[in-house]
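Read through the structure below, which is laid out as structure tokens, and then see the notes.
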Amino acid sequence: MDDLVIARSLFGTTMAFHIIFATLGVGIPLMVLFAELLYQKTKDRDYAVMANRWTKSLAVLLGVAIPSGTIAGVQLSLLWPGFMEVIGRVMSLPFQIEIYAFFVEALFMSIYVYAADRISSWMRILSVTLVAIGASASAILITNVHAFEGTPAGFRIENGEIVDVDPWAAFFNPSFFVTAGHVVVSAFMTGAFVIASIAAYKMLREKHNQRVYQFHRKALMLGLTMGGIFSLLTALNGHESAQLLHEYQPEKLAAAEGLFETQSHAPLAIGGYTDRETQSVKWSIEIPWLLSFLAGNSFDTVIRGLNDFPEEWWPPLFVHTLFNAMVGIGMLLLLFSIIGFIWNKIMKRNTFPRPLMWGFIAAGPLSMLAIEFGWIFACTGRQPWVIYRMMKTADAVTQTGNLAMLFILFTIVYVILGISVVLVLRYYFHRHPVMNELDKHSNDNSSNFAQ
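For the sequence shown, our numbering gives the first residue as 1029, with consecutive numbering after it.
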């Protein structure tokens, strides 16, 4: 393999690993905040126990998110020096501001973890709110660099020189707000479904212990409710993202839909795979005119096909499959939430059918898989550009060589870190079963009542 393929594989592996922990680092604080708010409203101590246990998990996850994020930053400089030259001159603001966002998150995370039982309820809520804000701000700021890659602004390259630099124009590039919204609501969705997934698994394991079962049932319904809300918001934001692609990256939209010929009243292709030879999407279900309507709010909207562009500008055609998988998972997760809500709130059933429970268990891994598919689609669909229409990925890669060994070593590091996280979480929660905390809070309540 040449250095470009290895560099992309190495950085892609790093980001695929980091994004798991970064996404949960944004999504779980919001769930902790909801649990805290529910506890203050209902005085149901189960929600206080949820907040406490989820925070412990978050601390472990952040212990991996921070170093893996640092590795990603270092690899940007080592693997993509041409790209980082532009970023250093034009787009350094997000990295500078992110330091303060991380400071806020870390400071109030420390207060919430170590002093939660010694501060007032409003201070606990304020602390976890600032943790959620800091985590979200960090994600938005770092992701803004990705937005800049797809819709660059605030500079020009003239005769190989970077000129007319405007850092704020680069910061507020055309896709900033849509990309910021998408990364946050999708992370909130994933955090909620991961919690729902764990709760559903525990309900199957603890079905003979009604006290623990009811605790996890509350966590499941909270996760499904929040997950459903944010999956709907993610879908709405995804629609805006598609309209941005139509305006700013038309060949990426064409590849996502397997559209080769420019046309109005363009159909939306669901499923199937893109065949380069026949220039069609095999085995797909086509909905007439819908792509034009989604891209421009009109059936007359003209969608440019891949044949309008040089073939060397075409993204890899498998992005159609990635895009469909991401959207399909999102719709399935929304369906799970709707079914769960109807079954629990409208039909008033206290237990869920076992097949549905396994669907809930799958929701967490599926939501994370959708995140991975989405990021691969976003980055691979931009190829061959690292900065759209301004710098090709091949022109930005390092020329030092010897990357294969780094790829192997970092992959080993990620495997070790991943296994370590699982073992640490299993050890902690095995030593601190939820029943112990529920009994502790019940005894505390009894003592307070006796006094």
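Each residue gets a CB set at the ideal place from its N, CA and C atoms; glycine is no exception. Computed from a predicted model, the values in this text were never measured in an experiment.
Cβ neighbours of residue i in the same chain (closer than 7 Å, five flanking residues each side left out)
i       : result
Arg1245 : Met1231
Ala1270 : Leu1281, Leu1322 and Ala1323
Pro1109 : Thr1426
Tyr1140 : Thr1083, Arg1152, Ser1155, Val1156 and Val1159
Phe1258 : Val1213, Phe1216, Met1217 and Ala1220
Gln1307 : Phe1288
Val1088 : Val1449, Val1452 and Leu1453
Beta-ladder partner(s) of residue i, from DSSP
i       : result
Ala1184 : Correcting the residue type first, residue 1184 is Arg in the shown sequence and not Ala. BP columns for Arg1184 point to Val1191.
Lys1084 : DSSP lists no partner for Lys1084.
Ala995  : Here the chain covers residues 1029 to 1479 and nothing more, so residue 995 does not appear.
Ser1308 : Asp1303
Ala1496 : Residue 1496 cannot be examined here, being either before or after the span of the chain that is shown, 1029 to 1479.
Ile1331 : Gln1291
Environment of residue i [buried if 16+ CB atoms lie within 10 Å]
i       : result
Tyr1142 : exposed
Thr1179 : buried
Asp1145 : exposed
Trp1196 : exposed
Trp1403 : buried
Val1443 : exposed
Pro1057 : buried
Met1433 : exposed
Phe1131 : exposed
Gln1103 : buried
Asp1074 : buried
Ser1203 : buried
Residue from the options with nearest C-alpha to residue i
i       : options                               : result
Thr1083 : Ile1099, Ala1100 and Leu1052          : Leu1052
Met1112 : His1236, His1174 and Ile1440          : His1174
Ala1391 : Phe1243, Gly1256 and Gly1110          : Gly1256
Ile1366 : Thr1207, Ala1353, Leu1384 and Leu1350 : Leu1384
Ser1292 : Phe1327, Gln1307 and Glu1279          : Phe1327
Phe1346 : Met1375, Thr1290, Thr1439 and Cys1407 : Cys1407
Glu1064 : Leu1121, Ser1105, Thr1041 and Ser1149 : Ser1149
Phe1380 : Phe1364, Leu1394 and Pro1393          : Phe1364
Own chain residues within Cβ distance below 8 Å of residue i, not counting five before or after
i       : result
Val1240 : Lys1230, Glu1234, Val1462, Met1463 and Leu1466
Arg1117 : Phe1183, Ile1190 and Val1193
Ile1047 : Ile1399, Glu1400 and Trp1403
Met1396 : Ile1048, Thr1051, Thr1218 and Val1222
Thr1041 : Phe1435, Phe1438, Thr1439 and Tyr1442
Cβ shell of residue i (< 6 Å), same chain only, five flanking positions each side left out
i       : result
Thr1329 : Ser1320 and Ala1323
Any non-hydrogen atom of the ligand SAM closer than 8 Å to residue i Cβ
i       : result
Ala1198 : With respect to small molecules bound, the structure shown includes none, and the ligand SAM cannot be examined in it.
Q.
Quick check on the DSSP output: what are the complete alpha helix (DSSP H) runs of length 4 or more inside the segment 1413-1448, in order along the chain?
A. Here the runs fully enclosed are 1421-1424.
Q: Identify every run of the alpha helix (DSSP H) within the segment 1255-1290, keeping only runs that are complete inside it and at least 4 residues long; order them along the chain.
A: Segments of the alpha helix (DSSP H) lying fully in the segment 1255-1290: 1278-1285.
Q) What alpha helix (DSSP H) runs, 4 residues minimum, are completely inside the segment 1048-1111? A) Complete alpha helix (DSSP H) runs here, min 4: 1073-1107.
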